[in-house]
């Protein structure tokens, strides 16, 4: 094997990337594909963000000013689908593509051609999904959860949305297989499982989650399709079916799905915090076990999304207890991050700022999660703005912040140029403050009695909605700074050059920092001899 | 505590330049409600909230102490410890104990909420797109409850009506649900078309209304008053516009209300047998149209695209009258079956109005008595 590898290294040195536009279509290079995933995710982030701003503009004050209610429902539905399947998931797949081979000392992903295919299938799926906006009857408007019977009232868009989900599902499964195959087979000889960086560990577990759940979602939407067009009645009581069955199937997918978005987040945070605390990660093995515990629990808590559907009391209590258990491994993680910072020698570059904000704000989302896990309380909180605040705290200042943090953290390694720290810090503070103006008041709205997914509201909800909308616009426009900083760093004009290790003593924390900056097109054609073991 | 929080909120709003904030009526916290269950939920909510606040202060306090003191700019040297079994066991066990402490009262409240036994009366609630149907199982009182007319006008796109000028904007209905106090009332929930959820925060819970299935829940209100809520499960275009209003009254007042309802129900049944003129029906039809049809087919009958077709010059409306009656009665596509929702008089009125108003002038009309016989001839469909 090693002889072959050496030979490959030689021939690879002879050529770099393919020239011109075709490079991006046919590439099988993990770095190119990673870049495409990240750029795609960023574009989708702005598409989904625009939809969010349409929602917040309509909710700026009581009364209907801009859109009709049906279109408003399409916006809430599409905002979620675009953000989940177009922005957050591809964002983390982008980091996985870029970083996993470099972190484990592999030359590329295990299945490079499938890698290319899964990216382009994602693009096809999202385009198909977006095309429904222009169809007779409008885009799906039944919420991203696609609950029947409501979703069966969708116009022409329904089959297209279902096929889009199929494509996205196939893309995710292929991506997950590739990541698992890479991690299990292509590690450098000394990189044993318990020496892998946490980001690699979290993605390994996320990969298994994806393989387990995407077929379930595909099955659920296919049953919708046959209910609508082929006279089955899986979810129609009049034909002996059950609308609640759909909710069980959906959330069996849907709850692990939210961990698909949060586990890689944990991984990147666990990678960044030790570097800037100049300390090894505290409790490495408990971090790994906590991640496995969370992944396991994610499969037995799904019905906490459905406490009010009329389950038997035994079911309600079971799902309440299992859901409460999640707080334990999640708490372990938060304590470990705090202990990693404790007695370190911290500096506060932008990736660290975003990571600290993540730990604090994600924990706030965790607190509301514990509150909602208590079934009797959920009978009040369910389907109100309280839950909207909860899951946005666990997604925006958590997953999205960490995607930003990862961008700032690795961009200098990828491009060889340092980003503009001043602008990046400005971006951080604007985002961190506005995200709280945006989402914190939604707790008040929910507790005061405002249901979610409504285009207009009673006047006692007016003030906090206005505050929330102001926060939304500041947050949305602040993200343009990120785009500017990224483009400036890639072009490299007037940018400081990055050193090979980029961050002080970073080579103690991961293999990627032992490579030169910018990182060569092909790396680790022969596996590295030594690996940084400091975190163990 | 409440005052301090409101002051704080006011200061934040002041800082944002929203001077109107002080005048309006808003809350920051869960409401206590008017039943024992809702009070139990409130107490549990406050308990968990304070536990979270306390843990938050401890964790974030530690973190910010560390951020302040253990920084490179202050010359702090990094220590290299990376595990401590004792503390790791501690911070697994302590949260477990706290969770058990929360689970016990939560389980008690849950058991109490699910205990629908020994109720004094039952009300069946059916969710429709987009109104609620109430049926009192004991005395046969039966009516629909939809968004009140003033809110409905004000909530149209660019209506020009200031929502603040409408009393109880979006939280007011034409026919409120009336219940006696100090009575254990069992509610049965189902839906006619899609899923809905019936939620009045002051009762402390919401429950899904699902087509083909019956859910149950109960309440025991001790304080007379008017309590307002909304549909909480996305149910289509007008999900935000199907509020719930409950009037809880003393048993004697409730009995009077029941009498009145029974008398007017009888009168309505009789009026279906009388001969109506086209003008009478047309005048009545205008209101029925505004309440039952305009949210999809629009006030002027122009419709909204292909999903909600126009009434004006519609081949169905201007065509054979029996064809139109059939569609309105049984529904089609997204259009619900109005045969079960409208009385014979209202049904005939709205048919007459659409054929002769909204830019149409077919000239014919239908008698309520004919609708009545058609309705009784149609077999109840399978729900």
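Protein chains in written order, with my numbering: chain A, 455 to 990; chain B, 179 to 561.
For each residue, glycine too, the CB sits at the ideal point set by N, CA and C.
Measuring CB to CB, does residue i end up less than 9 Å from residue j?
i, j, result
"residue 841 (chain A)", "residue 408 (chain B)", "no"
"residue 839 (chain A)", "residue 905 (chain A)", "yes"
"residue 656 (chain A)", "residue 708 (chain A)", "no"
"residue 796 (chain A)", "residue 813 (chain A)", "no"
"residue 410 (chain B)", "residue 212 (chain B)", "no"
"residue 548 (chain A)", "residue 491 (chain A)", "yes"
"residue 528 (chain A)", "residue 635 (chain A)", "no"
"residue 537 (chain B)", "residue 498 (chain B)", "no"
"residue 303 (chain B)", "residue 366 (chain B)", "yes"
"residue 593 (chain A)", "residue 981 (chain A)", "no"
"residue 553 (chain B)", "residue 517 (chain B)", "yes"
"residue 307 (chain B)", "residue 514 (chain B)", "yes"
"residue 943 (chain A)", "residue 859 (chain A)", "no"
"residue 866 (chain A)", "residue 952 (chain A)", "yes"
"residue 342 (chain B)", "residue 654 (chain A)", "no"
"residue 485 (chain B)", "residue 590 (chain A)", "yes"
For a test of the three-state rule: what should DSSP assign to residue i, helix, strand or coil?
i, result
"residue 478 (chain A)", "helix"
"residue 909 (chain A)", "coil"
"residue 972 (chain A)", "coil"
"residue 551 (chain A)", "helix"
"residue 435 (chain B)", "helix"
"residue 545 (chain B)", "coil"
"residue 874 (chain A)", "coil"
"residue 589 (chain A)", "coil"
"residue 313 (chain B)", "strand"
"residue 940 (chain A)", "helix"
"residue 272 (chain B)", "helix"
"residue 513 (chain B)", "strand"
"residue 321 (chain B)", "strand"
"residue 356 (chain B)", "strand"
"residue 474 (chain B)", "helix"
"residue 951 (chain A)", "strand"
"residue 431 (chain A)", "With chain A running from 455 to 990 in the structure shown, residue 431 (chain A) is simply not present."
"residue 732 (chain A)", "coil"
"residue 795 (chain A)", "helix"
For residue i and residue j, I'd like the C-alpha separation in whole angstroms.
i, j, result
"residue 874 (chain A)", "residue 958 (chain A)", "17 Å"
"residue 381 (chain B)", "residue 218 (chain B)", "11 Å"
"residue 586 (chain A)", "residue 608 (chain A)", "10 Å"
"residue 500 (chain A)", "residue 506 (chain A)", "9 Å"
"residue 614 (chain A)", "residue 599 (chain A)", "16 Å"
"residue 459 (chain A)", "residue 979 (chain A)", "Its pLDDT being 43, under 50, residue 459 (chain A) is placed unreliably by the model, and the measurement read from it follows with that caveat. Looking at the two C-alpha atoms, the distance is approximately 6 Å."
"residue 355 (chain B)", "residue 825 (chain A)", "31 Å"
"residue 357 (chain B)", "residue 284 (chain B)", "28 Å"
"residue 759 (chain A)", "residue 705 (chain A)", "7 Å"
"residue 321 (chain B)", "residue 422 (chain B)", "13 Å"
"residue 249 (chain B)", "residue 794 (chain A)", "13 Å"
"residue 275 (chain B)", "residue 228 (chain B)", "16 Å"
"residue 472 (chain B)", "residue 362 (chain B)", "38 Å"
"residue 946 (chain A)", "residue 420 (chain B)", "56 Å"
"residue 344 (chain B)", "residue 332 (chain B)", "8 Å"
"residue 244 (chain B)", "residue 210 (chain B)", "39 Å"
Under 8 Å by Cβ, that's how I've got residue i and residue j pegged, so tell me the actual separation to the nearest angstrom.
i, j, result
"residue 719 (chain A)", "residue 852 (chain A)", "6 Å"
"residue 261 (chain B)", "residue 736 (chain A)", "7 Å"
"residue 726 (chain A)", "residue 863 (chain A)", "5 Å"
"residue 612 (chain A)", "residue 567 (chain A)", "So it is not a contact: roughly 33 Å between Cβ atoms."
"residue 305 (chain B)", "residue 247 (chain B)", "Going by Cβ atoms, the distance from residue 305 (chain B) to residue 247 (chain B) rounds to 57 Å, so no, they are not a contact pair."
On the DSSP bridge list, what partners appear for residue i?
i, result
"residue 368 (chain B)", "B:304"
"residue 404 (chain B)", "B:425"
"residue 393 (chain B)", "B:367"
"residue 233 (chain B)", "Residue 233 (chain B) is not bridged to any residue."
"residue 838 (chain A)", "A:905"
"residue 387 (chain B)", "B:374"
"residue 413 (chain B)", "Looking at the DSSP assignment, residue 413 (chain B) forms no beta bridge with any residue, so it has no partner."
"residue 333 (chain B)", "Paired residues: none, contrary to the question."
"residue 486 (chain B)", "B:482"
Is any heavy atom in the ligand ATP found nearer than 8 Å to the beta carbon of residue i?
i, result
"residue 823 (chain A)", "Because no ligand of any kind appears in the structure shown, any question about the ligand ATP cannot be addressed here."
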